[in-house]
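Residue numbers (full-length UniProt numbering): 1 to 334.
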């Protein structure tokens, strides 16, 4: 009879909407348990802990470590807090799953990766899309030639944000917090392009900025060594289909909306051939898959993910930083 697997103890720093979804999805993993939560508000931490059965609620991030043993921390604060909190955990030897974007820029990510490698502590950027079943199967289908040679990709992500008169009061439009379409949602089309093609050899970007300096409508075109193009669009001005189309020499592959956590995709191999639909449905929001991957890595003693490595994060943030340089988005302190 196999030995029972020990319960994996999670902590969460930053208790907003994404943290709540992550905590809900941990409940789909029988060997995962949320033991501690941290917020700048003790009252908020206590309410969150009560909702999810966490034993320890802390009114500051550092006090999280004064409670039960922690096997990994999920960081879900605004972007501007990722570097500081990740370094705090890594220096304590505590594995980290940090919400995307890992840092505000390439320099921050480089420091975080260097610290993880120096301390020998696990770190992964929470690009949860890599672990969604439909994305895993899509990548396999492409690699096996389902649409022939991959020639290009088009992906979009857009939703209607707050009215213009409220820009100065919303996190999404605040450069101090890393606000703007690019780092919040534009990261997903660019991630998909990298996931499929690797490093671009040419980056061209244009954007519309607010008076505060945040991008709200951003178009990025990436060119790859084989001549392939990736068209990556993100906007806070309206709701888009948020799907993706892969162009191949023998057909197309459509990743259903929303493409960064889809439940299916379709392969189209000609006008007279019905599409072949692939469904990979799951319960919950989909964060349980990245959580399970982290748990497996940490238990195996690995320092990073083979699916979304630290080098992958470095490449992604080299691209994102280059895009921001072209569109003129600068964060305080840069």
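Just so it is clear, CB atoms sit at the ideal spot from N, CA and C, and this is done for glycine as well.
Quick check on DSSP: helix, strand or coil for residue 2?
Here residue 2 refers to the residue found at position 2 when the chain shown is read from its first residue. For residue 2, the predicted structure reports a pLDDT of 44, less than 50, and the residue's modelled location is therefore unreliable. The matter cannot be settled from this model.
Quick check on the burial criterion: 16 or more other C-beta atoms within 10 angstroms. Buried or exposed for residue 108?
In the chain shown, residue 108 corresponds to position 108, counting from 1. By the neighbour-count rule (16 or more Cβ atoms within 10 Å), residue 108 is buried.
In the DSSP assignment, find the beta strand (DSSP E) that holds residue 147 and state where it starts and stops.
Residue 147 sits at position 147 when you count from the first residue of the chain shown. Premise fails: residue 147 is in no beta strand (DSSP E) and is neither H nor E.
At what residues does the alpha helix (DSSP H) containing residue 190 begin and finish?
Position 190 of the chain shown, counting from 1, holds the residue named residue 190. Note, residue 190: alpha helix (DSSP H), 187-197.
Taking a contact to mean a Cβ-Cβ separation below 9 Å, would you say residue 239 touches residue 159 in this structure?
Walking along the chain shown from the start, residue 239 turns up at place 239. Walking along the chain shown from the start, residue 159 turns up at place 159. Closer than 9 Å, so yes.
Tell me whether the beta-carbon of residue 28 lies closer than 9 Å to the beta-carbon of residue 137.
Walking along the chain shown from the start, residue 28 turns up at place 28. Walking along the chain shown from the start, residue 137 turns up at place 137. It is not a contact, given that the beta carbons lie outside the stated cut-off.
Between the alpha carbons of residue 264 and residue 66, how many angstroms are there, rounded?
Here residue 264 refers to the residue found at position 264 of the chain shown. Here residue 66 refers to the residue found at position 66 of the chain shown. Distance between the alpha carbons of residue 264 and residue 66 is about 43 Å.
Given 8 Å as the limit, is there contact between the stretch 56-74 and the stretch 36-43, that is, 3 or more CB pairs closer than that?
Yes, the stretch 56-74 touches the stretch 36-43.
Relative to the C-alpha of residue 229, which candidate in 152, 140, 327 and 258 has its C-alpha closest?
In the chain shown, the residue the question calls residue 229 occupies position 229. Per the Cα distances, 152.
Do you know whose CA, among 252, 242 and 331, lies nearest residue 260's CA?
Taking the first residue of the chain shown as position 1, residue 260 is located at position 260. The option with the nearest alpha carbon to residue 260 is 242.
Check whether the stretch 182-194 touches the stretch 310-321, taking contact to mean three or more Cβ pairs, one atom from each stretch, closer than 8 Å.
Contact holds: three or more Cβ-Cβ distances are below 8 Å.
Whether or not the stretch 114-132 and the stretch 86-98 are in contact is what I'm after, with contact meaning three or more pairs of Cβ atoms, one per stretch, closer than 8 Å; do they touch?
Yes: the two stretches touch, three or more of their Cβ pairs being nearer than 8 Å.
Take residue 46 and list the residues in its own chain whose beta-carbon comes closer than 7 Å to its own, dropping the five residues that flank it on each side.
Here residue 46 is taken as the residue at index 46 of the chain shown, counted from 1. Around residue 46: 57.
Which whole-angstrom value describes the C-beta separation of residue 232 and residue 155, a residue pair presumed to lie in contact below a C-beta threshold of 8 Å?
In the chain shown, counting from the first residue as 1, residue 232 sits at position 232. In the chain shown, counting from the first residue as 1, residue 155 sits at position 155. About 6 Å; that satisfies the 8 Å criterion.
Residue 222 and residue 216 - do their beta-carbons sit closer together than 9 Å?
For the purposes of this step, residue 216 is identified with residue 216 of the chain shown, where counting begins at 1. For the purposes of this step, residue 222 is identified with residue 222 of the chain shown, where counting begins at 1. No, they are not a contact pair.
Under 8 Å Cβ to Cβ from residue 332, same chain only, skipping five residues before and after it: list those, please.
On the chain shown, position 332 is the one that residue 332 refers to. Cβ neighbours of residue 332 beyond the five flanking positions: 175 and 176.
Can you tell me whether residue 63 is helix, strand or coil according to DSSP?
By 1-based counting over the chain shown, the position of residue 63 is 63. Residue 63 falls in the helix class under three-state DSSP.
Residues in the same chain with beta-carbon distance under 6 Å from residue 161, minus the five sequence neighbours each way, listed in chain order, please.
Locating residue 161 in the chain shown gives position 161, counting from the first residue. So the qualifying residues of the chain are 172 and 236.
Grab me the residues of residue 7's own chain with a C-beta within less than 8 Å of its C-beta, minus the 5 sequence neighbours each way, in chain order.
Stepping through the chain shown from its first residue, residue 7 is reached at position 7. 31, 32 and 33.
Pick from 61, 26, 15 and 227: whose alpha carbon is nearest that of residue 288?
Stepping through the chain shown from its first residue, residue 288 is reached at position 288. For residue 288, the nearest C-alpha among the options comes from 26.
Can you tell me whether residue 277 is helix, strand or coil according to DSSP?
On the chain shown, residue 277 is found 277 positions in, with the first residue counted as 1. The answer is strand: DSSP assigns residue 277 an E or B state.
Going by C-alpha distance, which of 42, 43, 5 and 50 is nearest residue 24?
Walking along the chain shown from the start, residue 24 turns up at place 24. For the residues 42, 43, 5 and 50, the minimum Cα distance to residue 24 belongs to 50.
Report the residue ranges of all beta strand (DSSP E) runs contained in full by the stretch 80-136; include only those spanning at least 3 residues, in chain order.
List check, beta strand (DSSP E) in window: 96-99 and 123-126.
Using the three-state DSSP reduction, which class does residue 74 fall into: helix, strand or coil?
Within the chain shown, numbered from 1, the residue matching residue 74 stands at position 74. Strand at residue 74.
Between residue 212 and residue 167, which are expected to be in contact by the criterion C-beta below 8 Å, what is the C-beta distance as a whole number of angstroms?
For the purposes of this step, residue 212 is taken as residue 212 along the chain shown, with counting starting at 1. For the purposes of this step, residue 167 is taken as residue 167 along the chain shown, with counting starting at 1. That pair is a contact at about 6 Å.
According to DSSP, residue 158 sits in a beta bridge with which residue or residues?
By 1-based counting over the chain shown, the position of residue 158 is 158. In DSSP, residue 158 forms a bridge with 235.
Just to confirm before moving on: does the CB-CB distance between residue 72 and residue 99 stay below 9 Å?
Translated into the one-based positions of the chain shown, residue 72 becomes position 72. Translated into the one-based positions of the chain shown, residue 99 becomes position 99. No, the Cβ-Cβ distance between residue 72 and residue 99 is not below 9 Å.
Quick check on DSSP: helix, strand or coil for residue 283?
As a first step, residue 283 is located in the chain shown; it is residue number 283 there, counting from the start. The answer is coil: DSSP assigns residue 283 none of H, G, I, E or B.
Grab the span of the alpha helix (DSSP H) containing residue 24 for me, first residue to last.
By 1-based counting over the chain shown, the position of residue 24 is 24. Looking at the DSSP string, the run of the alpha helix (DSSP H) that includes residue 24 is 17-26.
I'd like the span of the alpha helix (DSSP H) that includes residue 337, first residue to last.
Nothing about residue 337 can be read from this structure; the chain reaches only from 1 to 334.
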